[in-house]
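The structure under discussion appears below in the form of structure tokens.
In the numbering used here, the protein residues as written are 168 to 388.
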């Protein structure tokens with residue numbers, strides 16, 4: 168039985184892409200860029216934290232430090248203010264989280280979203296007390312797939328690695344689990360690009376939140 172579930176946030180717990188897209192497109196506009204990203208195109212921007220999103224949005228100017236600083240200064244306040252305009256939990260997620268919590272499963276969030284924003288949006292949608300801990304990215308620290316946050320949880324809460332399932336929607340999350348030495352579960356309702364190699368790399372693949380409950384109760388886990 169998996170006694171601890173560590174969740175990614177964007178594309179796993181919450182549908183947040185529309186607000187990310189609105190914020191980066193408005194930031195590009197304010198910085199004088201003539202292009203924007205569709206909802207589908209925006210999927211390729213996310214997954215490795217805000218700095219990488221901004222670099223990807225800059226396209227051929229990704230290595231221009233001045234352009235990066237300017238766009239980041241425009242984007243971060245916009246996303247802070249707009250991150251919850253359209254965000255919502257994926258269908259069935261609240262119910263399965265409650266099911267897991269009631270059965271004594273420890274719930275955690277490890278995300279590349281800036282920490283303060285992660286804290287506020289998770290509590291807005293799931294309340295306080297559901298998750299034992301929520302940690303996002305802090306300036307100067309590595310982002311996933313570095314296992315820093317997962318290792319912090321393990322050390323701080325005395326968690327047995329063999330009882331952990333890391334749940335996420337992209338290669339970043341599967342690689343985070345591998346780097347931390349824990350099992351991975353790839354969800355296919357999110358923003359990842361679900362090619363055969365990625366599907367094969369994950370320990371489990373699920374297409375509906377309710378399937379997470381089945382994994383939690385596996386006798387061979």
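Cβ atoms here follow ideal geometry from the backbone N, Cα and C, with glycine treated the same way. Small disclaimer: the values here were computed from a predicted structure and weren't measured.
CB-CB length for residue i against residue j, believed under 8 angstroms
{"i": "residue 273", "j": "residue 299", "result": "5 angstroms"}
{"i": "residue 317", "j": "residue 347", "result": "4 angstroms"}
{"i": "residue 190", "j": "residue 242", "result": "6 angstroms"}
{"i": "residue 245", "j": "residue 210", "result": "Not quite, the Cβ-Cβ distance comes to about 19 angstroms (not below 8 angstroms), so this is no contact."}
{"i": "residue 238", "j": "residue 223", "result": "About 11 angstroms; that fails the 8 angstroms criterion."}
{"i": "residue 296", "j": "residue 281", "result": "About 22 angstroms separates the two Cβ atoms, so there is no contact after all."}
{"i": "residue 254", "j": "residue 186", "result": "6 angstroms"}
{"i": "residue 288", "j": "residue 251", "result": "6 angstroms"}
Residue i versus residue j: straight-line alpha-carbon distance, rounded
{"i": "residue 388", "j": "residue 292", "result": "Below a pLDDT of 50, predicted positions are generally treated as unreliable, and residue 388, at 48, falls in that range; the measurement from the model is reported next regardless. Taking the straight line joining both Cα atoms gives about 30 angstroms."}
{"i": "residue 182", "j": "residue 226", "result": "25 angstroms"}
{"i": "residue 264", "j": "residue 364", "result": "28 angstroms"}
{"i": "residue 376", "j": "residue 328", "result": "22 angstroms"}
{"i": "residue 230", "j": "residue 207", "result": "24 angstroms"}
{"i": "residue 358", "j": "residue 266", "result": "25 angstroms"}
{"i": "residue 370", "j": "residue 345", "result": "10 angstroms"}
{"i": "residue 174", "j": "residue 195", "result": "30 angstroms"}
{"i": "residue 217", "j": "residue 202", "result": "19 angstroms"}
{"i": "residue 277", "j": "residue 198", "result": "31 angstroms"}
{"i": "residue 172", "j": "residue 260", "result": "13 angstroms"}
{"i": "residue 383", "j": "residue 268", "result": "11 angstroms"}
{"i": "residue 256", "j": "residue 235", "result": "31 angstroms"}
{"i": "residue 240", "j": "residue 385", "result": "46 angstroms"}
Environment of residue i [buried if 16+ CB atoms lie within 10 Å]
{"i": "residue 188", "result": "buried"}
{"i": "residue 381", "result": "exposed"}
{"i": "residue 169", "result": "buried"}
{"i": "residue 258", "result": "exposed"}
{"i": "residue 320", "result": "buried"}
{"i": "residue 309", "result": "exposed"}
Bridge-paired residues (DSSP) for residue i
{"i": "residue 277", "result": "302"}
{"i": "residue 351", "result": "333"}
{"i": "residue 181", "result": "177, 256"}
Proximity test, residue i beta-carbon vs the ligand HEM heavy atom, cut-off 7 angstroms
{"i": "residue 286", "result": "No copy of the ligand HEM appears in this structure; indeed no ligand is present at all."}
Legend entry - Sufficient close CB pairs (3 or more, under 8 angstroms) joining the stretch 334–344 to the stretch 176–193: Counting Cβ pairs under 8 angstroms, three or more are found: they touch.
Legend entry - Sufficient close CB pairs (3 or more, under 8 angstroms) joining the stretch 326–333 to the stretch 348–360: Yes: the two stretches touch, three or more of their Cβ pairs being nearer than 8 angstroms.
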